[in-house]
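Have a look at the structure below before the remarks.
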Amino acid sequence: PVYISISCNLAGIPHPTFSREPVPFSLSPKSSNQMGLEAAVEAAAEFLNKAVKPVLVAGPKLRVAKASEAFTELADKSAYPYAVMPSAKGLVPENHQHFVGTFWGAVSTSFCAEIVESADAYLFAGPIFNDYSSVGYSLLLKKEKSIIVEPNRVVIGNGVAFGCILMKDFLSALAKRIKRNNTAYENYHRILVPEGVPVESEPREPLRVNVLFQHIQNMLSSKTAVIA
1 PVYISISCNL
11 AGIPHPTFSR
21 EPVPFSLSPK
31 SSNQMGLEAA
41 VEAAAEFLNK
51 AVKPVLVAGP
61 KLRVAKASEA
71 FTELADKSAY
81 PYAVMPSAKG
91 LVPENHQHFV
101 GTFWGAVSTS
111 FCAEIVESAD
121 AYLFAGPIFN
131 DYSSVGYSLL
141 LKKEKSIIVE
151 PNRVVIGNGV
161 AFGCILMKDF
171 LSALAKRIKR
181 NNTAYENYHR
191 ILVPEGVPVE
201 SEPREPLRVN
211 VLFQHIQNML
221 SSKTAVIA
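Residues 1 to 228 in UniProt numbering are what the sequence shown lists, from first letter to last.
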């Protein structure tokens, strides 16, 4: 392998062997195609508004699309329950009232997979489906029930696709057109069994793992990062 290093004070110097000026250091910002954006939002709103128990799922591409705030806005306006994929942890608030956990197939947070996979419509924002995130491609999802939002593309159902659309623009615009529907969240709340509280230890009793985890959990806050 060869490593070539060019000093920063030389990179922009013109040279007679170059046929044109060097590429500028600042690139023009990307923007959504307005006609495509309006068409995509209209189609997605119609798709979701006729669903009985729709849900949202946040994926890792929210980071590169800078669409975390837009996703949270959509969750607020729609009242849909939302989950995160395992590689999207930390990109959306997990203390939100409609957050239902990590969607990871058979190893999802308790009752999360049941709500997502039983939904009649699900919007995935920036997902990555591979053998790891899908637990060996075992997710019980149907393409015709899905809206897949990529950083610059939206695919609805079995293949109606809209290009040149930024994810954050699409989610923000969709939040203004969506109807509130908390049916799926009510179903989740109905089947949810809260985590139990460990029994208080007796004096000089050996420390139990569940008691240790409770103390650790009480030390964590929204500003804490856990590395395991």
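Ideal placement from N, C-alpha and C gives every residue a C-beta, glycine not left out.
Could you work out which residue in the options is closest to residue i when comparing CA atoms only?
i, options, result
"S87", "F47, V135, A44", "V135"
"G59", "S201, L220, I147, M35", "I147"
"K176", "S138, N9, V41", "V41"
"P39", "L171, F162, R190, P194", "First, the residue type needs correcting, since residue 39 is Ala and not Pro in the sequence shown. Checked all of L171, F162, R190, P194; the closest Cα to A39 is F162."
"S201", "V160, N210, Y185", "N210"
"T183", "L141, K30, S28, S78", "S78"
"K30", "P81, C164, N130", "C164"
"H189", "F111, F213, V64, P93", "F111"
"E46", "S221, L174, N33", "L174"
"Y137", "N152, V107, E144, V160", "V107"
"Q97", "M35, Q214, M85, E73", "E73"
"Q34", "N152, A51, N9", "N152"
"L141", "E114, G159, P93", "E114"
"A70", "P93, N49, K89", "P93"
"N187", "S28, Y80, I13, R208", "Y80"
"V226", "K89, S32, L139, P206", "K89"
"K128", "S118, K145, F103", "Residue identity check: residue 128 is Ile in the sequence provided, not Lys. Taking only the C-alpha atoms, the option nearest I128 is F103."
"T109", "T224, L220, N9, L192", "L192"
"N181", "R204, N218, N49", "N49"
So residue i and residue j are supposed to be a Cβ contact under 8 Å. How far apart are they, rounded?
i, j, result
"G101", "A83", "6 Å"
"residue 230", "L171", "Here the chain comprises residues numbered 1 to 228, so residue 230 is not present and cannot be evaluated."
"K143", "N130", "With 8 Å as the limit, K143 and N130 do not qualify as a contact, their Cβ atoms being about 16 Å apart."
Checking the sheet assignment: what are the DSSP bridge partners for residue i?
i, result
"S146", "Y122"
"Y156", "The sequence as given places Ile at residue 156; Tyr does not occur at that position. DSSP output for I156 lists I147, V160 as bridge partner(s)."
"A58", "V84, A125"
"F99", "Y82"
Determine the contact status of residue i and residue j, defining contact as a CB-CB distance below 8 Å.
i, j, result
"D169", "L37", "yes"
"A43", "I216", "no"
"D120", "K179", "no"
"G126", "M167", "yes"
"V116", "V55", "yes"
"V64", "M85", "no"
"P194", "Q214", "no"
Exposed or buried, residue i, counting other C-beta atoms within 10 Å across all chains shown (16 or more means buried)?
i, result
"S5", "exposed"
"L123", "buried"
"A228", "exposed"
"S222", "exposed"
"S133", "buried"
"S28", "exposed"
"residue 229", "Residue 229 falls outside the range modelled here, since the chain spans only 1 to 228, and no answer is possible."
"Y185", "buried"
"L220", "exposed"
"L91", "buried"
"S32", "buried"
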